[in-house]
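Okay, so here's the structure we're looking at.
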Amino acid sequence: MVFKVKNSLVFVLVLILIFSTSIATYIQFVKGDLFQFAIERNVNGLVGTGLFLTTLIIFELVFYYLEWKMHNYIYSNVLIDIKSSLSRQFLQKNSFDHLIAEKEATINTLSNKIDRLEVNYYRAIFNNIYLLLRMVFVTFALMYINLYIGLGLLVFLFLPLLVTRFYKNKLSVTEGKYQLYKGRNLDLYENYFSNMRSVKSFHLQETIFNRLSQSIIGEVLTYKRNQNTKINANILNSSLSYFSHLLILIFSTILVLNGQIQAGTVLTLIGLVEQLSMPILVFSQNLNNINSTKEIRKEIEADLNQVGSKNDKSYTIQDKLESDGISVNFGKTCLSYDNLTFHKDKNYLIQGPSGTGKSLYMDILLKNRKEYQGDIYIDQEVSDKAGAIDNIAYIGPSNNLFKGSVFFNIAFGRDLSDQEMVTIKSLLGPDLIKSTSIDDLSSGEKRRVLLLRGILSTRNLVFFDEPTSNLDRENVYKFWEIVSQVTDKHYIVISHDHPSKYNYLFDDIIDFTGLVHRSKGKHD
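Residue numbers (full-length UniProt numbering): 1 to 524.
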């Protein structure tokens, strides 16, 4: 009934609202009685009714408190559920063909789209449940006082709902365009601000600023159009609501002059009309906000309903890993690779000039990409493109670490043995081991942390892509010495600058220079 909210929670909220709205409606009758007793100078009636009114107001405040607490509870839980589900789904990705675009889209959803729903959808829809109940109670109360007033109210005060229906699709479209612009600009900010060295070096400050300014103007103009649509709908709603309110008050005055209702009933009538005219106006405005989130909810629903990679097949290499007829489109170039075989119990060094597709090939071999032609065999059986190899640890060329301590980035919470601690100290030193945050580490220090992650992993096959980049000569030799002493693992290493004295560690040295073939166009 409500987007991603359990029906049982909505039912509890509705029960609370029924009590609060019924009390709020009944209070108007008590206020009318109090006024009538004042006209009649009935002191006993005034005192008794005043005490009763005070009690009702206290109960009304209690239910208002419960209502607000329930609103907060529901929204907090929905926020946790949606953000957790999207985060889990993204973390389960096994294919990284379009990782950057998917990452940016997911971050935009987590940080922007979902939060946008708080006011424009959840608070609006919860408020409308309350307003709808109030309109029902008040309309019946008015019809109880005078049938004609109640029927007139149904005709005049509900006209704003037709306005909302008229603007529904337009609001959804303009809000969707605005959110799209915000997402694009978020990508632009990250891209431009991540290239500050180039901005300074090539004196691009004005060029980049002009491009950013155009994007900002486009975003603001889209926001302005969205808000203008809401304003047009709201001003039309306000005009209809207040005009209807005026007609009801005129009609009520005529009834008083004709002696058909008492003066105290007039106060009740005015209170009820006040309770109804503004709620209908706000109800209509809330509907506009709810309608404006339609596209956002569709996008979030689509993200949540994507088939996650948690059901992809997992593989464990028992003997060997082979490639057969692998080719991949890389821009306007197609790279074709000779067939290769990697045995689980052997070490391999992969060499070759930059641009020969070494890392791209290994990405395919490790099932990090699905957009390629050919087959990957695991233990002589063709494997699915969507899958994961469980007994391979991958350490890439970038120095990206997780937020947290050095120990967490090495072992991910696993208890380390005394021998493993000796290995860590030999490459990091005692000071870095104590670091509780990776934020202050240099690029070389981060690299050493990543190398230890691979060396001390529980996987028996480790793939290193340019392991010693950003390391000084001393630490390069320390790393290779540690590798030479580890006997329970085997390695596949891409490197162009390893010391030749450690060639003896490898069973096979593969030069990609003659193994990769380039052609123009795309292969089917």
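Where is the CB? At the ideal position from N, CA and C, for every residue including glycine.
Since the model is a prediction, treat every value here as computed from it, not as a measurement.
Give me the DSSP bridge partner(s) of residue i.
i, result
"Arg518", "Leu335"
"Phe359", "At residue 359 the sequence reads Ser, which differs from the Phe that was named. Note: Ser359 sits in no beta bridge, so no partner."
"Glu322", "Thr341 and Tyr377"
"Leu461", "Ile392 and His490"
"Ile509", "Leu349"
"Tyr181", "Beta-bridge pairing links Tyr181 to no other residue."
"Tyr315", "Ile389"
"Val382", "Tyr377"
Using DSSP with H/G/I as helix, E/B as strand and the rest coil, what is residue i?
i, result
"Thr341", "strand"
"Leu366", "coil"
"Ser20", "helix"
"Lys4", "coil"
"Gly264", "helix"
"Ser442", "coil"
"Lys478", "helix"
"Ser309", "Its pLDDT being 49, under 50, Ser309 is placed unreliably in this model, and the value from its coordinates should be taken loosely. Note: Ser309 maps to helix in three-state DSSP."
"Phe330", "strand"
"Ser194", "coil"
"Asp524", "In this prediction, Asp524 has a pLDDT of 44, which is less than 50 and means its spatial position is unreliable; what the coordinates show is noted afterwards. Asp524: coil per DSSP, three-state reduction."
"Tyr65", "helix"
"Val471", "Residue 471 is actually Leu in this sequence, not Val. Coil."
"Tyr372", "coil"
"Leu416", "coil"
"Glu102", "helix"
"His496", "coil"
"residue 529", "Here the chain covers residues 1 to 524 and nothing more, so residue 529 does not appear."
"Arg41", "coil"
"Lys501", "helix"
"Asp97", "coil"
"His71", "helix"
Are there 16 or more other CB atoms within 10 angstroms of the CB of residue i, so buried, or fewer, so exposed?
i, result
"Val483", "buried"
"Asp440", "exposed"
"Ile231", "exposed"
"Asn339", "exposed"
"Met362", "buried"
"Ile23", "buried"
"Ser437", "exposed"
"Thr487", "exposed"
"Glu67", "buried"
"Arg473", "exposed"
"Val43", "exposed"
"Phe113", "The question names Phe, but residue 113 in the sequence shown is Lys. So Lys113 counts as buried."
"Leu15", "exposed"
"Phe166", "exposed"
"Leu246", "exposed"
"Thr222", "buried"
"Thr55", "exposed"
Tell me which residues share the same chain as residue i and place their Cβ nearer than 6 Å to its Cβ, disregarding the 5 neighbours each side in the sequence.
i, result
"Asn368", "Phe96"
"Glu299", "none"
"Ser309", "Summary for Ser309: the model assigns pLDDT 49, below 50, so the residue's position carries little reliability; its value from the coordinates is reported in the next sentence. Contacts found: Gln92, Lys93 and Asn94."
"Asp379", "Gln318 and Asp319"
"Asn289", "Asn120 and Ala124"
"Ser435", "Val406"
"Val328", "Leu335 and Tyr372"
Please work out which residues of its chain come closer than 7 Å, Cβ to Cβ, to residue i, disregarding the five sequence neighbours upstream and downstream, and give them in chain order.
i, result
"Thr341", "Lys320 and Glu322"
"Gly396", "Asp465"
"Gly413", "none"
"Asp524", "For Asp524, the pLDDT reaches just 44, beneath the cut-off of 50, and the residue's location in the model is therefore unreliable, leaving the point undetermined."
Taking only beta-carbon atoms, is residue i less than 9 Å away from chain D?
i, result
"Leu13", "In the structure shown, chain D cannot be found, because there is only a single protein chain."
Here's a check: name, in chain order, each residue in its chain whose Cβ is nearer than 8 Å to the Cβ of residue i, leaving out the five neighbours to either side.
i, result
"Gly387", "Asn94, Asp312, Lys313, Ser314, Tyr315 and Lys367"
"Ile424", "Ile410, Leu416, Ile433, Leu452 and Leu456"
"Phe330", "Gly357 and Leu360"
Do residue i and the ligand FMN come close, with the Cβ less than 8 Å from some heavy atom?
i, result
"Ile57", "In terms of ligand content, the structure shown is empty, and the ligand FMN therefore cannot be addressed."
**Report entry** Contact the region 193-213 vs the region 169-180: 3+ CB pairs below 8 Å
**Finding:** no
Query raised in the report: Is there contact here, the region 409-426 with the region 380-396, by at least three beta-carbon pairs under 8 Å?
Result: no
Requested in this report: Kindly confirm or deny that the region 68-82 and the region 32-46 touch, where touching means at least three C-beta pairs closer than 8 Å.
Outcome: no
Query raised in the report: Is there contact here, the region 100-110 with the region 49-59, by at least three beta-carbon pairs under 8 Å?
Result: no
Query raised in the report: With a cut-off of 8 Å, do at least 3 Cβ pairs link the region 349-362 to the region 496-513?
Result: yes
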